[in-house]
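The sequence shown maps to residues -19 to -1, 1 to 191 in mature numbering (1 follows the signal peptide of the UniProt record, and there is no 0). For each residue, glycine too, the CB sits at the ideal point set by N, CA and C. Nothing here was measured: the structure is a model prediction, and the numbers come from that model.
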Amino acid sequence: MSRFLAAAVTLLLPALALADVDARFAKLRDEAEALGGLGAFLEKYVGACEGALVDPECKSQAEAFRKKYQGKRLYMIITEDDATMLAPGPYSPASGEYTINITPFFPGGRYALTHGAPKKTDANGNPVLPYLAVTGTLPDGWNAQMFARLFSMRGVRAQVVFTPQGVWSLPKKGGGKNFGVTARVEGILVSEGRTGQQLGLWLNGKDANK
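Below is the structure:
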């Protein structure tokens, strides 16, 4: 599965997160543990314990790792180059209101973190997940083309707060299984990478602007 092979380098330095973000998200973020790297976390959480050269203690180590993070809130930044799960949605020229669609699939190395567990795959073997949508209003002087260009030129980033809940698996195209980590995503802050301007906020299961 090509999306599972895509590396998502998540730079998780607190200095990259602006202090003046929405206070509701800032509270979630400040109560969470910053993740050192999504790929390494997923590798340890899933625990790939197959093959002749696997450490005999692999399964017990994976179980201990999952137990360590049970119920723990974590925080990560998805930088502009890796924020492929963000896409522009409908835009209203009359009101200037836009929608950003978020596919809650965050790849890291061989695995991915998802909001909830996917139940099926598409024709290419990728997990099918419903969009999470956030809305906002374009600043004065902006238009639909400028908004769309933010995404085509990789100008948006996301900050994510989540709690891991378990491991999911789906049949792999051609045989075998794909694995990932299901999580409860509690907050996603979408912002312009260059300025840090907030573009949308998904919080506690809904668009925070509605």
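Report yes or no: do three or more beta-carbon pairs, one from the region 166 to 177 and one from the region 134 to 142, lie closer than 8 Å?
yes
Classify glycine 20 as helix, strand or coil using the three-state DSSP reduction.
helix
Tell me, which residues are paired with arginine 165 by DSSP?
Thr144
Three or more C-beta pairs closer than 8 Å, one from the region 124 to 136 and one from the region 145 to 152: is that the case here?
no
Thinking just about the alpha-carbon of each residue, which of Ile58, Ala189, Ala75, Thr60 is nearest to the one in aspartate 121?
Ala75
Expressed to the nearest angstrom, what Euclidean distance is found between the alpha-carbon atoms of valine 115 and tyrosine 92?
25 Å
So, with DSSP's three-state summary, where would you put tyrosine 56?
Reduced to three states, the DSSP call for tyrosine 56 is strand.
Using CA atoms only, rank isn't needed, just tell me which of Asn159, Glu24, Gly97 is closest to phenylalanine 46.
Glu24
Which residues share a DSSP beta bridge with glutamate 44?
Per DSSP, none; premise fails for glutamate 44.
Between the region 174 to 187 and the region 103 to 117, do three or more beta carbon pairs fall short of 8 Å?
yes
Can you check whether the CB of leucine 55 is closer than 7 Å to the CB of isoleucine 13?
With the sequence shown as reference, residue 13 is identified as alanine, and isoleucine is not the correct amino acid for it. Yes, these two residues count as a Cβ contact at 7 Å.
In three-state terms, what does DSSP make of arginine 138?
strand
Tell me the rounded alpha-carbon separation between isoleucine 58 and valine 2.
14 Å
Report all residues from its chain with a CB closer than 7 Å to the CB of aspartate 188; omit the five preceding and five following residues, and keep chain order.
Ala114, Val115, Thr116
Return the first residue and the last residue of the beta strand (DSSP E) that residue 239 is part of.
Absent from the structure is residue 239, since the part of the chain shown begins at -19 and ends at 191.
Can you tell me which of Thr60, Lys101, Pro71, Ser73 puts its alpha carbon nearest to the alpha carbon of proline 88?
Thr60
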